[in-house]
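Take the sequence shown: its position 258, counted from the start at 1, is 294 in our numbering, and no numbers get skipped. Built from N, CA and C at the ideal position, the CB exists for glycine as well. Remarks on the structure that follows.
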Amino acid sequence: MSEPRSKARPRHRRSRTALAAGVPLALTAAGAFAYGGDFGVLGSTALQASAATPAAPSWAADTADGFASVNSLGQNGTYGGRGGQVVTVRTQAELEKYATATQPYVIVVAGAIAMNPVGKEIKVQSDKTIVGQGTAGHIVGGGFFLGQGVHNVIIRNLTIRDAYQGIWNDKDHDFDAIQMDGAHHVWIDHNDLRHMADGLIDVRKDSTNVTVSWNKLSDNNKTFGIGWTENVKTDITIHHNWIRETEQRNPSTDNAAHAHLYNNFLEDAPGTAIKSAYGNYSRGGTRMVLENSLFQGVNNPVIKDSGASIVQRGNSFSGTSGRNESGGSAFDPKTYYPYSLDKATDLPSILKAGAGPRASIGTTAASTKAAAVTTLTVAKDGSGQYTTVQAAVNAVPANNPSRVVIAVKPGTYRELVKVPSNKPHVTLQGTGGSRKDTTIVYNNASGTPKPGGGTYGTGGSATVAVEADDFQARNLTISNDFDEKANQHIKDQQAVALRTAADKVFLDGIIVSGDQDTLLLDTASKDRLGRVYVSNSYVIGNVDFIFGRATAVVDKSVITLKKRWDGSTAGYIAAPSTAANRRGFLIANSTVNGDVSAGTFYLGRPWHAGGDASLDPQATVRNTNLSNAIKSTPWTDMSGFSWKDDRFAEYGNYGAGAGPASTNRPHLTDAQAANQEVADWLAGWTPSAS
């Protein structure tokens with residue numbers, strides 16, 4: 037191809053407009069290639085199911101990172117109810133029955149459960165996973181309590197909200213979202229906790245080996261308290277949390293032996309009713325390492341007592357005031373567990389889309405007769421079954437009837453990978469702590485000479501080519517690092533990182549990186565449907581770098597704009613070549629950004645592949661944060677075809693690159709937008725992790 041609803045508030049506080057739910061991701065990498073910490077990585081033990089035993093959902097095998105992963109107190113990591121029965125609950129009685137049982141359970145909360153009486157905290161016992169079903173699982177007016185000795189508990193993907201009793205600094209109602217007194221090995225991940233009577237999270241009375249990751253913590257007085265003991269015992273990891281519109285305890289950490297806080301975004305938005313008293317507070321004998329976090333508008337962002345220690349590294353402060361302190365010695369977190377860091381300045385984008393409940397967690401198969409899962413391992417060092425990804429793909433039997441997970445250990449795999457059409461149900465899964473850890477990369481371009489003569493062509497240049505239905509990829513990077521500058525003698529420089537030509541393709545939590553023509557989302561043929569769902573991912577490029585004729589959704593992701601090889605700035609994001617009467621590209625709930633000049637990029641243009649006038653290209657960009665790189669007239673013509681003759685529109689976008697409706701910038705009406713939702717594109721298919 038060529039170039040909210042309102043909340044009760046104390047009377048003395050001004051009302052304010054709540055941030056919209058699902059504010060896009062900007063998982064943002066801006067232009068910098070600092071991609072880290074991810075969305076919950078599968079544990080190293082792959083799920084194996086026999087034909088006789090129903091396979092548990094893949095998310096039920098997820099294990100904690102951080103201090104919750106450390107082997108101590110007789111508990112080797114935190115895996116919750118893994119291996120126990122998966123049960124779905126819809127009432128308080130059902131939830132209490134399984135959460136308080138002595139045996140392990142994976143408990144899926146399907147829908148909103150209103151607690152009675154208000155403020156009730158269910159006493160969770162050991163070896164439990166309590167997880168919301170997609171974004172539907174809500175606990176309203178109550179929460180959870182983990183008492184002395186309770187261990188190996190995962191609370192994940194839930195919205196816990198609205199125990200607030202109308203008194204802001206409430207001393208009478210100890211209604212927390214999650215409280216633990218003497219518990220250990222607890223993982224609190226991807227939740228939305230807000231508007232409670234007391235704290236959102238209380239880690240008290242020597243609770244230890246706790247990891248709190250990828251949560252939204254908001255709309256509350258007291259956010260997150262740690263301590264309430266004279267002992268210096270607690271080990272806790274707090275990372276990738278979006279803490280906004282909260283007043284105090286963000287968190288307050290008292291007498292923690294090891295407190296590792298990294299990649300958290302603390303936001304006190306201007307003009308709102310809630311004003312921060314302080315941000316991170318290190319009290320008593322706490323030893324804290326505070327890394328790569330962003331404090332925006334926060335008063336007294338970092339404070340410490342005289343006996344406490346704070347070591348700061350890589351943090352960013354914007355519009356803050358008051359105390360910002362550090363001092364003393366702490367510890368090296370990497371002596372306890374591995375982790376990777378995102379840039380602090382990228383966190384608004386990353387967390388606005390990545391924090392909170394995810395649609396892919398908590399979903400269960402409609403049938404209890406789940407198919408067997410086979411896992412093949414790949415490792416460059418020979419510690420797996422195969423040393424190349426393609427060798428593992430080759431080992432998948434033709435017309436395999438059920439899921440095959442190719443678990444790829446960390447490393448850089450310089451190879452070409454093709455998943456042929458007769459090998460459906462394949463998952464490529466990076467097993468590292470970050471999607472940066474596992475990279476599949478090659479450097480063919482369209483004009484690169486083939487060994488047997490001719491050139492590869494655009495589609496043939498792909499590093500990874502997927503022609504099989506029901507393909508999934510997660511927690512890895514797929515890249516084409518063709519060097520345009522060094523290959524100016526090659527005329528056709530389109531260089532595809534990933535090509536899909538199949539139906540039901542789910543790309544979840546990955547990086548797809550290149551320059552021109554990075555991501556080719558195609559179909560097996562012009563008359564075939566090819567649905568693709570890209571979620572919580574990064575797509576990086578500069579010219580037509582999301583293109584093809586698939587019916588594709590890019591949701592809750594970051595689209596990062598790159599400069600060209602010569603340092604100039606100009607480009608196009610989308611180039612759909614949609615068949616008539618089909619849906620094309622939908623970019624939703626995402627962020628467009630990058631280190632490029634203002635007003636230099638188009639949202640897209642119509643690609644009538646081969647000059648085919650029967651095509652009807654479509655691209656809709658909605659509810660997305662557009663940087664100032666986007667032109668005020670964001671669509672343009674291509675190869676003699678006018679974009680105005682095809683289907684290009686926006687709805688509900690915001691940011692410096694957004695603009696009002698005009699003849700050169702069409703916006704959908706509310707009625708039109710109601711028919712251009714993610715579900716309309718997926719047409720009955722609900723992607724879920726396998």
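- Straight-line spacing of the CA atoms in D551 and S497 works out to 13 Å.
- Taking a cut-off of 8 Å for Cβ pairs, the segment 513-533 and the segment 469-484 touch, as three or more such pairs fall below it.
- Put simply, the segment 221-234 touches the segment 103-116. At least three CB pairs are less than 8 Å apart.
- Secondary structure note for N316: its beta strand (DSSP E) is the uninterrupted segment N316 to R319.
- Exposed is the label assigned to D673, since fewer than 16 other Cβ atoms lie within 10 Å of its Cβ.
- For A649 and D602, the gap between their C-alpha atoms comes out near 34 Å.
- Residue state for W278 is assigned as strand, using DSSP reduced to three classes.
- Distances from the alpha-carbon of N299 to those of S362, W278 and A313 put W278 closest.
- In terms of Cα proximity to V455, the closest of V429, G468, A150 and G315 is V429.
- For A610, the enclosing beta strand (DSSP E) covers residues G607 to P612.
- Here L383 is buried: its Cβ has 16 or more other Cβ atoms, across all protein chains shown, within 10 Å.
- Contact between the segment 225-241 and the segment 192-205 is present, with at least three C-beta pairs closer than 8 Å.
- Sequence-distant partners of N193 (beyond 5 residues in either direction) whose C-beta falls short of 6 Å from its own C-beta, in its chain, are V167, G168, H226, P393, I397 and G398.
- Note on G488: under 16 other CB atoms within 10 angstroms of its CB, so exposed under the neighbour-count rule.
- Residues of the same chain with a CB within less than 7 Å of the CB of G691, apart from the 5 flanking positions on each side, are N661, L662 and S663 in chain order.
- Nearest to V186 by alpha-carbon distance, out of K667, V570 and S162, is S162.
- Pairing Q348 with G364, the inter-Cα distance amounts to about 10 Å.
- Assignment of D716 by DSSP, reduced to helix, strand and coil, places it in the helix class.
- Taking every protein chain shown into account, the CB of L109 has fewer than 16 other CB atoms within 10 angstroms, so this residue is exposed.
- Taking the Cα positions, Y569 is about 5 Å away from V589.
- For Y608 and R619, the gap between their C-alpha atoms comes out near 20 Å.
- T270 has its alpha-carbon roughly 44 Å from the corresponding atom of N689.
- Just measuring C-alpha positions, the residue of N286, S376, H275 and G469 sitting nearest I262 is N286.
- When the Cα atoms are used, T423 and N251 turn out to be separated by approximately 36 Å.
- For S249, the three-state secondary structure derived from DSSP is strand.
- I214 and F180 have their C-alpha atoms roughly 5 Å apart.
- A straight-line Cα-Cα distance of about 13 Å links Y317 and F331.
- A check of alpha carbon separations from L253 across G584, G178, Q111 and R280 identifies R280 as the nearest.
- In the structure shown, the three-state DSSP call for G168 is strand.
- Minimum Cα-Cα distance from K472 among the listed residues R359, L651, L326 and S573 corresponds to S573.
- In the displayed model, A645 falls within a helix according to three-state DSSP.
- For N430, the uninterrupted alpha helix (DSSP H) run begins and ends at V425 to A431, by DSSP.
- DSSP places F353 in the strand class (E or B) of the three-state scheme.
- Counting of Cβ neighbours within 10 angstroms places K340 among the buried residues, the total reaching 16 or more.
- When V144, L597 and T411 are compared, the shortest CA-CA separation from N436 is found for T411.
- Residues of the same chain with a CB within less than 6 Å of the CB of K527, apart from the 5 flanking positions on each side, are G483 in chain order.
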